[in-house]
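Residue numbers (mature numbering (1 follows the signal peptide of the UniProt record, and there is no 0)): -23 to -1, 1 to 322.
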């Protein structure tokens, strides 16, 4: 009996200590995932808005679900969207607004877990245009965006329309994200730029850019977009979700576990889990930690789409692109909270 008791104690200890990042993986429901090898697309892997994807991978949360994930880093959100619609990736870590846009093309994708409660987009002007105050002051200039058709491009066109300008007249130029985007503004290839963290703080620290529109906070987001504007998260074709419900449920568990980790750990702890070559290739970890700490408030606590978010985002895309027929869009098919709602962490 003593031997069996000892074995029982060892078993309990093993279970308690198991799982990645000192947290046991939630029990899988209704069997293993239908697909155990997935491809993920992301439009700028080193951006803080999309950091949860890499963090989840580094923490081993996909592995805990019996899934191996191959991450493909693309130039911008529009490229990631094309990849998932075209079938070269299974799911995307990208902005919610793309799920609305694709419906006008007869394609249905849905956000199944939300990471960012606000977008973190910042519109900068370069050194030669420090007197600029509004979009009208840079309307005739070249404005850098991650890729044409991306959310950075969308923001520019929305600001044009909101300020009485023709969105089609915006001279947006695809410059990518991170270092290439910073270089483009610094070298005057573009005279304004929409980017996110950590590139945004890098431009501020160097003095190579001045922010004139800033959605890194809830108030800043409301000032620009007029309300809640949910951004990055996991999205995928609704057909994939119907065919692979256990796989999608596993992705939702990964998302919620990752958000819980972010909400219960310091910026230093999180940075220590991330690959330096992706998030701070210059080797300045202290600066990255400082930027990350300042932006932890953007992350959702539970992965759910807020009730007032879809309407605001929809208004934005309609204003920015008035020539598109939006009458067929069904917002209820652009997101699905049911997967994250089932997660118990």
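Here a beta-carbon is modelled for each residue, glycine too, at the ideal position from N, C-alpha and C.
Taking every protein chain shown into account, the CB of residue 280 has 16 or more other CB atoms within 10 angstroms, so this residue is buried. Annotation: residue 236 to residue 277 spans about 7 Å, alpha carbon to alpha carbon.
Below 8 Å, enough C-beta pairs join the region 253 to 261 and the region 22 to 36 to call them touching: three or more.
As DSSP reads the structure, residue 148 sits in a beta bridge with 119.
As DSSP reads the structure, residue 69 sits in a beta bridge with 18, 212. Under the DSSP assignment, residue 101 falls in the beta strand (DSSP E) whose first and last residues are 99 to 103. Residue 77: member of the alpha helix (DSSP H) spanning 74 to 78, first to last residue. Here the alpha carbon of residue 122 sits roughly 29 Å from the alpha carbon of residue 35.
Contact between residue 46 and residue 91 does not hold, since their C-beta atoms are separated by about 19 Å, which reaches or exceeds 8 Å. From the listed residues 113, 209, 83, the smallest Cα separation to residue 30 is found for 209. Within its own chain, the residues whose Cβ lies closer than 6 Å to the Cβ of residue 268, once the five positions on either side in sequence are excluded, are 174, 175, 178, listed in chain order.
Scanning its chain for C-beta atoms nearer than 7 Å, with the 5 sequence neighbours on each side dropped, one finds around residue 78 the residues 294, in chain order. Taking each of 126, 100, 108, 118 in turn and checking the Cα distance to residue 59, the smallest one comes out for 126.
Sorting 142, 41, 86 by C-alpha distance to the C-alpha of residue 307 places 86 at the top. Apart from the 5 residues on each side of it in sequence, residue 270 sits with its Cβ closer than 7 Å to the Cβ of 244 in its chain, given in chain order. Exclusion of the five residues before and after residue 52 leaves 124, 153 as the residues of its chain whose Cβ lies within less than 6 Å of its Cβ.
In the structure shown, the three-state DSSP call for residue 238 is helix. Put simply, of 200, 138, 299, 131 the residue whose alpha carbon is nearest the alpha carbon of residue 172 is 131.
Contact annotation, residue 17 with residue 66: C-beta distance approximately 6 Å; criterion of less than 8 Å satisfied. With a cutoff of 8 Å on beta-carbon distance, residue 20 and residue 54 are scored as near each other. Below 8 Å, enough C-beta pairs join the region 185 to 194 and the region 107 to 115 to call them touching: three or more. In this structure, residue 290 and residue 207 form a Cβ contact; the two beta carbons are roughly 7 Å apart against a cut-off of 8 Å. Within a 10 Å sphere around the beta-carbon of residue 42 sit 16 or more other beta-carbons, which makes this residue buried. For residue 47, the beta-bridge partners assigned by DSSP are 16. For residue 276, DSSP records a beta bridge to 93. Under the 10 Å beta carbon count, residue 11 is surrounded by fewer than 16 other beta carbons and is classified as exposed.
For residue 171, there is no enclosing alpha helix (DSSP H); the residue is part of the beta strand (DSSP E) that begins and ends at 169 to 172. The beta carbons of residue 223 and residue 38 sit no closer together than 8 Å.
Taking the Cα of residue 72 as reference, the smallest distance to any Cα among 242, 89, 161 is reached at 89.
Per DSSP, the unbroken alpha helix (DSSP H) holding residue 155 starts and ends at 155 to 163.
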